[in-house]
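To start, the structure itself, in C-alpha cells.
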Amino acid sequence: MEEPFINETIDTSQLPKYEDVVLTPLHPSYFKIIIFNIGLVFAILAIAAGAGFYYIQELEPYRIIITIVYIVILLFTILMNVISFKNRGFAFRAHDVIYRSGAIATTTTIIPYNRVQHVAVHEGLLSRKLGLAAVEVFTAGGNSSDIQVPGIDKDQAEKIKYLLMGKINPQQDEQQL
Amino acid sequence: MNSNFSQPQRQSLIGVVVMFADTFQGTARALWPFLIVWIWKINEYNKLYIGLAVGGVVLLVALVAYLKYLNFTFFLDEQNEEFVVRKGILNKSRIAIPLDKIQQVNINQSFIQRLIGVHALEVDTAGSNGKEVSIRAIKESLAVSLKERLLEGAEDVVNEDIEDNADTPRTRQTANKPFIQISFLSLIKTGITSNYIRSFAVLLAFMITIFQNLEEFINVTGYDDSPLDDYINAEVLLKFISFIVGAIIFLTLIVNLVRTIVRYYNFRITKQQNGLLLSYGLLNTKNTIIRPEKVQVVTVGRNYFQKKFNLNDLKIRQASGNEANDKDQKKTAIEIPGCSESEKNVLLQFLLEKVPEKGVAVKPNFRKIIFESFKFLIIPIGIYFLIAFMVEPSVKEYMIFVPIYGLFAATLIYFAFRNSRLFVSDDFIIKQSGAWDVDNDYIAPHKIQTISLKQFFWQKGSDVGIVTLHTAGGTISFGLANFTKLNELVNYWLWQVETTDKHWM
C-alpha cells in the first residue's frame, strides 16, 4: 500500500501546547505520606544521635554542631519536599500523559499513549489507608523514560489504568512481536 | 533446505574440542586464584604430583566436555513451531523457542572454531533475556540452512502481521553479493584516526604516573630538597617529555590500528531478507543481522582527519528486547567503521528509508558554555585547590597540570558548543555534538517513546532548558537551548508521534 503523498504545511504554532495544559495536583493526603516518611527517617536519625550523645562521651563538644546540622538538614528536606509537592502535577490528555516533578530542576515527562507498553497501579501500606495509589506507565524506552504518578485517588487510578489499557490494547493485538 | 531438522541431533563431533576449550576456560577462570598460588609455590611441590594433578584436571575437563556434547541436542518441532534444545549433564533442561519469537540468528566463529572448521549459531529472542540459545559447534552449511529455516518461521508470522507495511520490500536473493565492503585501506585509515580523546586521556594518566615515579626516584636518591628544579633543567625536561609523548602517541596509534584491523577485518555488508547481514573479524568472525524496523538511533561520527580522508563511523542502535540502560545500549551498538560518504548514504537510505536532510537548525544558548565550564572547569579545579590547601598539601606539586587541564577542557568546551546543533525536519531529528569527534545522531520521530524536558529553577528566568528524547535504543539530549523553541518542537514531535501509524519496531 503506497501512502498518498500529503505534504501540507503544518503551522506549528497551531498545535496543542503541552505547556498550557493545567496539571492536576497530587491528592492533598499524599503530603501526609511524604511528611510521615521524612518523620520516620529523621526520628531514626534522632534516636541514633540521642543514643550517641548518651553513650559516647567523645561527642560531648560536638553536640551543638550536630544538633544544628540536623535541624538545618531537616528544614531543608521539608522545604524541598514542599516545593516538590507543589511542583508535581499530572494530566491525561486525549493522546498522551504529562507528568511534572522536581524541586531544584523541574522535569516534565510526556508519554504518548501509542507508545505505552503496560500500566501498573501500586499501593503502599500507608497509601492504602489513605485511599491513594500510584500509577506507573512503562514504555520501551527503558527505566529513565517511565513515569510514576503517586498520590492519585484509588478509584481514579483504576479508571486511569483502564483508560490506558483501552488505548493500548487495540494496538498490541495487531503487533504481537 | 538440504537438511532435516525435525529429528533431534547433536553438534558436530569435532565440536567436543570447542566444548573442551570452553569448559577449560571456565574452569581456569573459576580457579585462577588457586592457580596463581600454585604457580608461585611450584618449587615446593613434587613435580610428579603437579603433573598428575594437571593431567587429572585435563581428563576431568575432557570428560565433562564429552558429556556436554552427548547431552546437547537440538531439533525443530514443526508441529508446535518451536526450536527445541536439550542440554545439561546432571541438571537437564529443555529450552523451547517459538519460531515467531526469534529476533535474530547469528553465525559466529571464534578462533578455535575457525581452527577446526565449525561455526557457532546463536538464537536471539525478544524479551526474556538469558534464555538465548547458542549452539557451539555446527558445520557451516548446516548452520546456514538452519538459520534460514529458523528465520523463515519467524518471517512468516511477522509478515502476517505487517502485510500492509509494503515499504520494506522483501528482496530474497539466494546468491548474495556484498554490496558494501570496507577495504583494508579504509580500516588502516580508521585505525590511525580514531580514538584520539581516549588516547589523550591514557597519555595524560601515563605522564602523571611517570612524573610521580620520577619524583619518588629523585627523592630516594637523596635530592630531597630540590626535587625537580635544578636536577632537571628545562632542556632535558622538554626532550624527555617530548620523547615520552611521541612514544605514547606512536604506541596508541599502533594499538588502535591493530585493534581496528583485528576486529573489523574483511567487513562485508550483504542485503538479506529484510535486513543487512554484517560479517567481520580477523580471528573471531562475527555475523550480525540488522533489521531496519528495529533500528532506533543511527550515529554517524567523524573527526577532522576522517573528514579529510572521507571516512565515516556508523553506530547503529537497535531496540533490545530487555530493558537495558543507556550505557549498555551504547556498548551493544553495532559499529560500521570506515564508510565513505556514498557508502554512508546507501546505508542510511536502507536503514532509515531515506537519506536524512538537515532541517532547521536549533542552536544552543551561550549559557551552555557557562554550565559546562562550571561542570568541567570550576568544580574540578575548585576541588583540586580545596584538597591542595586544606587536606593534602603534597598534591600542590601537580599545579603545573592545572593550566594544561584548564586549556584542554576550555578548548573542548568551546568546540563542543560550536558543534552542538539540533536539526529538525519533518522526517528526522538530527543531533550534532562533540568537540573533536563530531557525531550526528539520527532519529525518526516515530521512534520516540517518551519526551522529557528539564529546567533548573534559575533557568526559568533566562528561558533555557534541556530536552531528552527517549527511544528503545537509547536517549538523545539537547540543551541548553531556548525553552520556548524547545516547547514548540516538543509539541510538534508529540503531534507527529500521536498521529503516525508507523510502529516504532
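Taken in sequence, the protein lines are chains A and B.
Take 324 as the starting number for the first sequence in this note's numbering and just add one per residue.
Take 4 as the starting number for the second sequence in this note's numbering and just add one per residue.
We treat Cβ as the ideally placed atom computed from N, Cα and C, and that holds for glycine.
All of these numbers come straight from a predicted model, not from anything done at the bench.
inquiry  = According to DSSP, Arg305 of chain B sits in a beta bridge with which residue or residues?
reply    = B:Val441
Can you give me, in chain order, the residues of the stretch 432–461 of chain B that have a beta carbon less than 8 Å from any beta carbon in chain A? Cβ contacts with chain A come from Ile451, Gln452, Thr453, Ile454, Ser455, Leu456, Lys457, Gln458, Phe459, Phe460.
For Arg13 of chain B, three-class secondary structure by DSSP: coil
query: If you measure from the beta carbon of Val497 of chain B to each beta carbon in chain A, is any gap under 8 Å?
result: The amino acid occupying residue 497 of chain B in the given sequence is Leu; Val does not appear at that position. It does: the Cβ of Leu497 of chain B has a partner Cβ on chain A nearer than 8 Å.
Ala475 of chain B - DSSP class collapsed to helix/strand/coil: coil
**Request:** Check the C-beta distance from Val470 of chain B over to Phe481 of chain B and give it rounded, since I have them as a contact under 8 Å.
**Result:** About 6 Å separates the two Cβ atoms, so the contact holds.
Measure the alpha-carbon distance for Ile293 of chain B versus Leu51 of chain B and round it to whole angstroms. 54 Å
Problem set entry | Rounded Cβ spacing between Thr3 of chain B and Leu190 of chain B (contact assumed at less than 8 Å) | Since the first residue of chain B shown is 4 and the last is 508, residue 3 of chain B is not available in this structure.
Under 7 Å (Cβ pairs) to chain B, residues found in the stretch 396–420 of chain A:
His418, Asp419
Practice item. Please name the residue or residues paired with Ile446 of chain B in a DSSP beta bridge. Key: B:Ile432
### Query
Quick one: what does DSSP say Leu102 of chain B is sitting in, helix, strand or coil?
Of the three classes helix, strand and coil, the one that applies to Leu102 of chain B here is helix, per DSSP.
field: Closest Cα partner of Thr478 of chain B within the set B:Thr196, B:Asn313, B:Val301, B:Leu73
entry: Closest by alpha carbon: B:Val301.
Check your understanding: What residues from the stretch 427–442 of chain A come within 7 Å of chain B, judged by C-beta to C-beta, listed N to C?
Key -> Ile427, Ala428, Thr429, Thr430, Thr431, Thr432, Ile433, Ile434, Pro435, Asn437, Arg438
In three-state DSSP terms, what is Ser137 of chain B?
DSSP places Ser137 of chain B in strand when its eight states are reduced to three.
Practice task
Establish whether the CB of Phe312 of chain B and some CB of chain A are separated by less than 8 Å.
Solution key: no
**Prompt:** Taking the runs of the beta strand (DSSP E) that are 3 residues or longer, which of them lie wholly in the stretch 437–491 of chain A?
**Reply:** 439–445, 455–462, 470–476
- How is Arg411 of chain A classed by DSSP in three states: helix, strand or coil? Of the three classes helix, strand and coil, the one that applies to Arg411 of chain A here is coil, per DSSP.
*Reference Glu85 of chain B; option with closest CA among B:Phe243, B:Glu143, B:Val67, B:Arg97*: B:Arg97
Quick check: Leu483 of chain B and Lys371 of chain B, are their CB atoms within less than 8 Å of each other? Going by beta carbons, Leu483 of chain B and Lys371 of chain B fall inside the 8 Å limit.
Task: Cβ neighbours of Lys484 of chain A in the same chain (closer than 6 Å, five flanking residues each side left out) - done: Val442, Val444
- Task: Count the other CB atoms, across all protein chains shown, that sit within 10 Å of the CB of Trp507 of chain B; report buried if there are 16 or more and exposed otherwise.
- Result: Classification of Trp507 of chain B: buried, given that the 10 Å Cβ count is 16 or more.
For this session: Report the rounded CA-to-CA distance for Trp439 of chain B versus Val303 of chain B, giving the unit in angstroms.
Result: 13 Å
Please state if the CB of Asn494 of chain B and the CB of Leu338 of chain A are separated by a distance shorter than 8 Å.
yes
| query | When the Cα atoms are used, what is the spatial distance from Asn198 of chain B to Asn259 of chain B? | reply | 7 Å
- Which word fits Thr255 of chain B, buried or exposed, when buried means at least 16 other C-beta atoms lie within 10 angstroms of its C-beta? buried
For the putative contact between Tyr353 of chain A and Gly474 of chain A, defined by C-beta atoms under 8 Å, what is the C-beta separation to the nearest angstrom?
3 Å
Quick one: what's Arg424 of chain B bridged to in DSSP? B:Gln435
inquiry  = Judging by CA-CA distance, which residue of B:Glu238, B:Arg139, B:Glu151 is the nearest neighbour of Tyr72 of chain B?
reply    = B:Arg139
Between which residues of its own chain and Phe379 of chain B is the CB-CB distance below 7 Å, once the five residues before and five after are set aside? Ala412, Ile416
Item to check | Exposure label - Ala364 of chain B; buried when at least 16 CB within 10 Å | outcome: exposed
| task | Taking all protein chains shown into account, decide if Thr335 of chain B is buried (16 or more other Cβ within 10 angstroms of its Cβ) or exposed. | result | exposed
Residues of chain B with CB under 8 Å from Lys340 of chain A, in chain order? Asn490, Asn494
_Any chain B beta carbon closer than 8 Å to Ser467 of chain A_ = yes
**Item:** Reference Phe77 of chain B; option with closest CA among B:Thr291, B:Phe8, B:Pro36, B:Pro383
**Value:** B:Phe8
For Phe354 of chain A, does the three-state DSSP call read helix, strand or coil? helix
Short CB-CB distance (under 8 Å) between Gly133 of chain B and chain A: Unreliable placement is indicated for Gly133 of chain B, whose pLDDT of 49 sits below 50; the coordinate value is still reported in the next sentence. Chain A contact via Cβ: absent.
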